[in-house]
Ligand SMILES: Cc1cc2nc3c(=O)[nH]c(=O)nc-3n(C[C@H](O)[C@H](O)[C@H](O)COP(=O)(O)OP(=O)(O)OC[C@H]3O[C@@H](n4cnc5c(N)ncnc54)[C@H](O)[C@@H]3O)c2cc1C
Ligand code: SF4
Ligand code: SF4
Ligand code: FES
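Chains as they are written, first to last, in this note's numbering: chain F, 1 to 250; chain G, 251 to 911.
Structure below.
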């Protein structure tokens, strides 16, 4: 029986200002491998398809169970988590590329600071007087409201939706779909809504919700199945209402 | 006044990660000039580190927060099951005292008890605070927080947020810290590897050195106190349930600079891990809490499809051996029982290290609602549906009860830990605090399920308060320490790096890690014996030698992930030695530490009052007199020096052996 291999074609780049190049690797097959477990094998045995020993591929990963958001990359053309990309379900050769919408660090590793900055901009937190006990819980929240909020609070800032969005790129100011989802999440909390106006004003400004072209690419790639377009729709309505309110107040 | 406008949102964290030169110099200048005002460094942004940061920032003291990656990606996000706090909302007359008793007994009395009192008493307030901060806790139809059952206890005491409780808690504290970041009180250094403490002439911690991971550049930072909150060390066992960065290396680093470690031989092996290539993913305890049953076919080598094996031919060994608790026995009991069924009775599936964890008798809708995320994970990584087929599991390295030794001040009136004291969570290095999984407190010889999200959050809060109390009492702040102290520590670290970068010894850092893991899983696992532990200590010595001869395939400084890993494997080996040595010397069974040779067997069918039972109890007492002590490890050039320290058992002294029959 011919030996089975896992065949990778990896887009590499030694640094932000270096040229990008493709490099191929073949490693022995065994069942239940995923892309990260293969990259781990390859960093221990960094030999390319020509038999040259090269510098190991650089990438990001932590949890290995699709919950930390670190390992996003473009696998066979689609942005997704590498740790949950099972080899048995991928067509070979498997192509790995870094996400293109964020500054590149090296190989498959990018810098997603912009997403965390967006969270700061939209005040993605619930206002509390302090982290001490006030002997009270949050206001009652129905199981239905909870389950809707829960879906959005699973956003792991992985950036796949941002990668897929045609409106979000290094030269655009668009805040992108994930932070809009977080604005919805925080606006829907009984006390989080005290900041609703602030959040909406950010999203009514330059780079806000009106930059969304409604291409709906974002929702297709979210590994957590977060209904981003629902959030965009709802935030759209909320901003319209806010616009009207602002008119009257003026 | 709250809410305030963000002040310095343009402070570009990307600059640290990308190493844009101009910006970096700016950062360096900033930390130097700022040392005039007291500031605190927190290393680690999991639940422990974020709570500490939040607490300090709230008191107006600036914090520099270091993490290997954006803090939101910390290992705490992996916790699935839940967090314990007595809310008593299930009509079971649950009480805080019962939580205290469960925690103490669950840990086989090996934890100092006064802090456990605070932990359990303050748990409900902590959960209420989390609730106010917006955690998406699962709700009852009435709209209040739901609570569920977890291993080792009889009451429903565990609050949960779907199947991603840790993620939800982490994100919520992350958000609160981001608010303080927007005010400029918190500065994040994400993408930095903590390398060492900067100690002054008196051995007081006055700052740290860290390496920027993108550029491999080492830099020293000033501070008046340092808190280390770097999580667990399960990667010393190679594959584990933990994230790929839970190496324990930072704890090993402060240990080698003088911080004492304690009880490191106590490692929890989670009974229900999913054996895998890259990690042994955890199937949460919640599976057992929600009715999961563990079994193997009664007949050796019965390799029929599990669904074709009739009820009477299945061996539900936990239910048979421990009728009172059944499948919800504590983790150590469950792990050993599985090893007994598999390794001693030869009943593993297809003769392998695997047993079934079965949920298929529960309605799909119920399972999806209660365990959705966990089941989804099994489907994703095993490619099978746990609602249809029993899952395949085996014990996996999961949690470290031991860790950096920390102090507490006892309040003579309440018998608990003092509310605020610079001694609480202080390590043996002045000015250095530890919290979260990397410290040794609260869990003794074994941790109860859902108690560590609680202890990580709570201890972070305490450590934050303590560090602030400590700097208020300081006579001189970090800027009184001469610059030369920082420069020479930075230089020492740079030399270590260049030593590794230029070494041509031929050893591979990643191969060494596998070999360390194999050794630890063979010899320092669920069941231990002195012969195996001697072998482990021998093996570790050899690995240590070899780890000095690592050659890196990464030759350039930029994006060099191998350099950081090479340093971490050296430190993991140091920790492994502490674990194995403590285990070798401790000739008894306690909690997760089990040596068959020294097991005190409960006489079968005998209970209190029976002379045979009383004889057993006397032996148990004598054993406690000898071994109810903290193992204390002190670093020396020749490996760990072990001594023992009294445990504070003033809250609930042991009177009876633990009995889960
Ligand atoms: C799969 C799994 C499920 C679990 N489920 C539960 C549960 O249901 N209930 C429960 O109570 N507990 C659970 N636990 C345990 C619990 O998750 C952990 O004990 C807890 O989250 C630890 O938090 P921490 O803040 O101490 O560390 P972590 O969350 O691990 O954070 C460590 C931090 O340290 C930083 N760090 C590490 N090294 C360095 C370095 N060299 N330089 C700079 N920074 C560094 C990291 O960047 C990170 O920010 C579970 C654990 C696992 C493995
Ligand atoms: S719907 Fe809007 S946010 Fe989503 S991909 Fe399209 S443009 Fe981007
Ligand atoms: S919304 Fe989905 S795809 Fe976008 S960052 Fe969050 S988890 Fe990732
Ligand atoms: S490694 Fe965490 S999402 Fe893949």
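C-beta atoms are modelled at their ideal positions from N, C-alpha and C, and glycine is treated no differently.
How many angstroms separate the CA atom of residue i from the CA atom of residue j?
| i | j | result |
| --- | --- | --- |
| residue 179 (chain F) | residue 499 (chain G) | 34 Å |
| residue 58 (chain F) | residue 810 (chain G) | 8 Å |
| residue 316 (chain G) | residue 501 (chain G) | 14 Å |
| residue 806 (chain G) | residue 843 (chain G) | 44 Å |
| residue 346 (chain G) | residue 338 (chain G) | 9 Å |
| residue 529 (chain G) | residue 492 (chain G) | 8 Å |
| residue 365 (chain G) | residue 50 (chain F) | 60 Å |
| residue 461 (chain G) | residue 418 (chain G) | 30 Å |
| residue 389 (chain G) | residue 398 (chain G) | 11 Å |
| residue 274 (chain G) | residue 133 (chain F) | The predicted position of residue 274 (chain G) is uncertain, since its pLDDT is 32 and thus under 50; a value taken from the coordinates is nonetheless stated next. For residue 274 (chain G) and residue 133 (chain F), the distance between alpha carbons rounds to 39 Å. |
| residue 326 (chain G) | residue 297 (chain G) | 6 Å |
| residue 391 (chain G) | residue 410 (chain G) | 15 Å |
| residue 896 (chain G) | residue 716 (chain G) | 23 Å |
| residue 667 (chain G) | residue 368 (chain G) | 6 Å |
| residue 641 (chain G) | residue 852 (chain G) | 32 Å |
| residue 804 (chain G) | residue 468 (chain G) | 17 Å |
| residue 293 (chain G) | residue 543 (chain G) | 40 Å |
| residue 463 (chain G) | residue 637 (chain G) | 43 Å |
| residue 210 (chain F) | residue 381 (chain G) | 33 Å |
| residue 508 (chain G) | residue 445 (chain G) | 14 Å |
| residue 27 (chain F) | residue 757 (chain G) | 21 Å |
| residue 230 (chain F) | residue 216 (chain F) | 10 Å |
| residue 357 (chain G) | residue 569 (chain G) | 22 Å |
| residue 168 (chain F) | residue 208 (chain F) | 11 Å |
| residue 312 (chain G) | residue 116 (chain F) | 20 Å |
| residue 827 (chain G) | residue 429 (chain G) | 42 Å |
So, are the CB atoms of residue i and residue j less than 7 Å apart?
| i | j | result |
| --- | --- | --- |
| residue 11 (chain F) | residue 20 (chain F) | yes |
| residue 35 (chain F) | residue 70 (chain F) | no |
| residue 110 (chain F) | residue 98 (chain F) | yes |
| residue 363 (chain G) | residue 898 (chain G) | yes |
| residue 202 (chain F) | residue 105 (chain F) | no |
| residue 305 (chain G) | residue 711 (chain G) | yes |
| residue 664 (chain G) | residue 149 (chain F) | no |
| residue 688 (chain G) | residue 481 (chain G) | yes |
Could you name the residues of the same chain whose beta carbon sits closer than 8 Å to that of residue i, not counting the 5 residues immediately before and after it, in chain order?
| i | result |
| --- | --- |
| residue 783 (chain G) | 773, 774, 830, 833, 834 |
| residue 22 (chain F) | 9, 10, 11, 12 |
| residue 822 (chain G) | 483, 485, 486, 497, 498, 499, 502, 763, 766 |
How is the beta strand (DSSP E) around residue i delimited, first residue to last?
| i | result |
| --- | --- |
| residue 314 (chain G) | 313 to 317 |
| residue 72 (chain F) | 72 to 75 |
| residue 23 (chain F) | 20 to 28 |
| residue 880 (chain G) | 879 to 886 |
| residue 347 (chain G) | Per DSSP, residue 347 (chain G) belongs to no beta strand (DSSP E); it is in the alpha helix (DSSP H), 346 to 356. |
| residue 239 (chain F) | Not the beta strand (DSSP E): residue 239 (chain F) falls in the alpha helix (DSSP H), residues 228 to 249. |
| residue 768 (chain G) | Run containing residue 768 (chain G): none in the beta strand (DSSP E); it sits in the alpha helix (DSSP H), 759 to 773. |
| residue 896 (chain G) | 889 to 896 |
| residue 446 (chain G) | 442 to 449 |
| residue 795 (chain G) | Unbroken run through residue 795 (chain G) is the alpha helix (DSSP H), 780 to 797; no beta strand (DSSP E). |
How far does the alpha helix (DSSP H) with residue i in it extend, from its first residue to its last?
| i | result |
| --- | --- |
| residue 566 (chain G) | From DSSP, residue 566 (chain G) is part of no alpha helix (DSSP H); its letter is neither H nor E. |
| residue 622 (chain G) | 614 to 632 |
Let me check understanding here. Comparing Cα to Cα, which of the options lies closest to residue i?
| i | options | result |
| --- | --- | --- |
| residue 78 (chain F) | F:235, F:198, F:246, F:159 | F:159 |
| residue 790 (chain G) | G:768, G:745, G:303 | G:768 |
| residue 846 (chain G) | G:590, G:335, G:693 | G:590 |
| residue 801 (chain G) | G:554, G:760, G:753, G:374 | G:753 |
| residue 630 (chain G) | G:700, G:671, G:524, G:610 | G:524 |
| residue 563 (chain G) | G:634, G:551, G:572, G:574 | G:551 |
| residue 759 (chain G) | G:737, G:781, G:704, G:796 | G:796 |
| residue 213 (chain F) | F:177, F:195, F:135 | F:177 |
By Cβ distance, which residues of its chain are closer than 6 Å to residue i, with the 5 residues on each side in sequence left out?
| i | result |
| --- | --- |
| residue 100 (chain F) | none |
Could you pull out every residue in the same chain whose Cβ sits closer than 7 Å to the Cβ of residue i, ignoring the five residues on either side in sequence?
| i | result |
| --- | --- |
| residue 592 (chain G) | 598, 603, 605 |
| residue 185 (chain F) | 149, 152, 153 |
| residue 443 (chain G) | 318, 460, 461, 463, 814 |
| residue 515 (chain G) | 652, 829, 832, 833, 836, 843, 881 |
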